[in-house]
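Protein chains in written order, with the numbering used here: chain A, 14 to 214; chain B, 14 to 214.
Don't be surprised by glycine CBs; every beta carbon is placed ideally from N, CA and C.
Below: one structure, written as structure tokens.
2 protein chains.
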Amino acid sequence: MIRILLADDEHLIRGAMAALLSLEDDLQVVAQAATGAEALATARVVHPDVAVIDLQMPDLDGVSVAQALATDLPTCRTMIVTSHGRPGHLKRALAAGVRGFLPKTVSADVLATVVRTVHTGGRYVDPALAAEAISAGDSPLTPREADVLELALEGAPIDEIARRASLSPGTVRNYLSSAVGKTGASNRHEAARFARAKGWI
Amino acid sequence: MIRILLADDEHLIRGAMAALLSLEDDLQVVAQAATGAEALATARVVHPDVAVIDLQMPDLDGVSVAQALATDLPTCRTMIVTSHGRPGHLKRALAAGVRGFLPKTVSADVLATVVRTVHTGGRYVDPALAAEAISAGDSPLTPREADVLELALEGAPIDEIARRASLSPGTVRNYLSSAVGKTGASNRHEAARFARAKGWI
DNA sequence: TCGCGTCCATGACATCTGTCATGGGGAACT
DNA sequence: AGTTCCCCATGACAGATGTCATGGACGCGA
């Protein structure tokens, strides 16, 4: 019997997934959590075999939870399900030791299968997401460029970005200019959106 | 027995919700659809009593489907469930004749209850979403301002917005300036994000 | 040690944007 | 008929932004 921890902020989805997983004879949902912190706390108590975690949650995101679980509970395998899978997430997730990565568009059968695969030490990444991640390629941005571009994402003016990054406005403009060139965008906002779509920031 | 049509692009969620609803004795999921178009086509064939539709789907969004259903199948009550409820959606949905509006954070119990409420001609709107919609208030933007701001959302430069809106660049700047003033933002990108958060565009 | 790339910064310049004043046309309401 | 608001447009100006050249500091690998 595989003991599962389920974390998703959407009560309806979480309950429904629990119901589906429980239909399988060899699977048992032993705990549920609505936030990342709750998932972590619960996991420390119940020691699940597999943690199925939603990528976007109110507090910590799925990858952070996975990272914490990897060090806290090395025996617990982690997999992530998500609605909006961007290439960068997958990369970060795998780096965090996640063993399975699925969009919510898969069927319940697949979910159950992947839970079993992950439990026996295997890995599974949704082919479509994997293809996307590969086609997105590696980020051409330097770390600083990525930092600055991330701050530019919300539409803040350069002065504010400079303050938040503790840089001079001129330097910020240089990085942004460089990033705009690399992304082929026509201004920093477009560049920021592009980079986020590619999962670079 | 209430006959339900379920539309959601996420297979996992759809299947899980179907499983949950089917646990109720008086509810029966008679059809499922993964896209808006599919939902419409299916509804015309099976004539469900209640349509439970996800707000965001690849092609038509939930509100458009609801609108089409209202004219096509007047006897079919429509309700919408959503992950990310922005105030504007709720307003548009109610205008389209939707009888129920729920976030996916509710429990399965609530979902089933609302299905029954809607079926008997009642209405139900999630209290939290309703409060948000009220606090967001009506849009202070004129129709043109909203149009232009929407085009500005993707970070396009003014010239492109002008082309796409068939306006002169000067006019576009005036509308954007006005919108920036009304939203209290410091530039059009921030204004666009703000307006979208409020559901105004 | 040298070269290389990254990080940080400055200054100068052209262009883009935000703001304001102004005005004509049209629809709605008094 | 007059008032008011929205739509569309133009022009002018200040300030923000994008681009480019330049240079020093630092760490890393050859």
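Local Cβ density within 10 Å of residue i, reported as buried at 16 or more and exposed below that
i: His-24 (chain B); result: buried
i: Ser-148 (chain A); result: exposed
i: Thr-118 (chain A); result: buried
i: Ala-54 (chain B); result: exposed
i: Ala-46 (chain A); result: buried
i: Ala-100 (chain A); result: Per the sequence shown, the amino acid found at residue 100 (chain A) is Pro instead of Ala. It is buried - the Cβ of Pro-100 (chain A) has at least 16 other Cβ atoms within 10 Å.
i: Pro-140 (chain A); result: exposed
i: Leu-180 (chain A); result: buried
i: Met-14 (chain A); result: exposed
i: Leu-154 (chain A); result: buried
i: Asp-22 (chain A); result: buried
i: Gly-5 (chain A); result: No answer is possible for residue 5 (chain A): it lies beyond the span of chain A, which begins at 14 and ends at 214.
Reference residue i, options the options, closest by Cα
i: Pro-12 (chain A); options: A:His-60, A:Ser-191, A:Phe-114; result: A query on residue 12 (chain A) cannot be resolved here, the shown segment of chain A reaching from 14 to 214 and no further.
i: Asp-67 (chain B); options: B:Thr-55, B:Ser-96, B:Thr-84; result: B:Ser-96
i: Pro-170 (chain B); options: B:Thr-88, B:Asp-85, B:Asp-160, B:Arg-186; result: B:Arg-186
i: His-132 (chain B); options: B:Ala-31, B:Gln-41, B:Ala-20; result: B:Gln-41
i: Glu-163 (chain B); options: B:Asp-172, B:Leu-189, B:Lys-104; result: B:Leu-189
i: Ala-144 (chain A); options: A:Arg-176, A:Thr-130, A:Ala-175, A:Leu-103; result: A:Leu-103
i: Ala-56 (chain B); options: B:Met-70, B:Asp-85, B:Ala-31; result: B:Asp-85
i: Cys-89 (chain A); options: A:Gly-98, A:Ala-198, A:Gly-150, A:Asp-62; result: A:Asp-62
i: Ile-93 (chain B); options: B:Ile-17, B:Asp-160, B:Ala-175; result: B:Ile-17
i: Glu-158 (chain A); options: A:Ala-125, A:Ala-146, A:Ala-208; result: A:Ala-208
i: Met-70 (chain B); options: B:Pro-87, B:Arg-27, B:Trp-213; result: B:Arg-27
i: Gly-150 (chain A); options: A:Trp-213, A:Val-161, A:Thr-184, A:Asp-74; result: A:Trp-213
i: Ala-31 (chain B); options: B:Ala-210, B:Ala-125, B:Ala-178; result: B:Ala-125
i: Ala-146 (chain A); options: A:Ala-20, A:Leu-115, A:Lys-211; result: A:Lys-211
i: Ala-20 (chain B); options: B:Ala-52, B:Glu-37, B:Pro-116; result: B:Ala-52
i: Leu-142 (chain A); options: A:Pro-87, A:Leu-115, A:Ala-29; result: A:Leu-115
Beta-carbon contacts of residue i that lie in its chain and below 8 Å, excluding the five residues immediately before and after
i: Asp-72 (chain B); result: Thr-48, Gly-49, Ala-50
i: Gln-80 (chain A); result: Ala-109, Gly-110
i: Val-76 (chain A); result: Leu-68, Ile-93, His-102, Arg-105, Ala-106, Ala-109, Val-111
i: Asp-39 (chain B); result: Met-14, Ile-15, Arg-129
i: Ser-35 (chain A); result: Gln-41, Val-42
i: Val-123 (chain B); result: Leu-115
i: Asp-74 (chain B); result: Gly-49, Leu-68
Beta bridge counterpart(s) of residue i as assigned by DSSP
i: Tyr-137 (chain B); result: B:Gly-113
i: Ala-208 (chain B); result: Per DSSP, none; premise fails for Ala-208 (chain B).
i: Arg-16 (chain B); result: B:Gln-41
Neighbourhood of residue i by C-beta, 6 Å cutoff - its chain only, sequence neighbours within 5 removed
i: Thr-91 (chain B); result: Ala-64, Ala-79, Leu-82, Val-111
i: Leu-166 (chain A); result: Ala-205
i: Leu-33 (chain B); result: Ala-121
i: Tyr-137 (chain A); result: Gly-113, Val-127, Thr-130
i: Ala-44 (chain A); result: Leu-18, Thr-55, Val-59
i: Ala-29 (chain A); result: none
Proximal residues to residue i (C-beta, below 7 Å), its chain only, five neighbours per side dropped
i: Val-193 (chain A); result: Asn-200, Arg-201, Ala-204
i: Pro-182 (chain B); result: Ile-171, Asp-172, Ala-175
i: Lys-195 (chain A); result: Pro-153, Leu-154
i: Gly-134 (chain A); result: none
i: Ala-198 (chain B); result: Ala-204, Phe-207
i: Ala-178 (chain A); result: Asp-160, Val-161, Leu-164, Val-185
i: Glu-37 (chain A); result: Ala-125
i: Gly-168 (chain B); result: His-202
i: Pro-87 (chain A); result: none
Segments of 3+ residues assigned as beta strand (DSSP E) that fall wholly inside the region 47-99 of chain B: 63-67, 90-95
Start-end ranges of the alpha helix (DSSP H) lying completely within the region 138-191 of chain A, minimum 4 residues: 140-149, 156-165, 171-178
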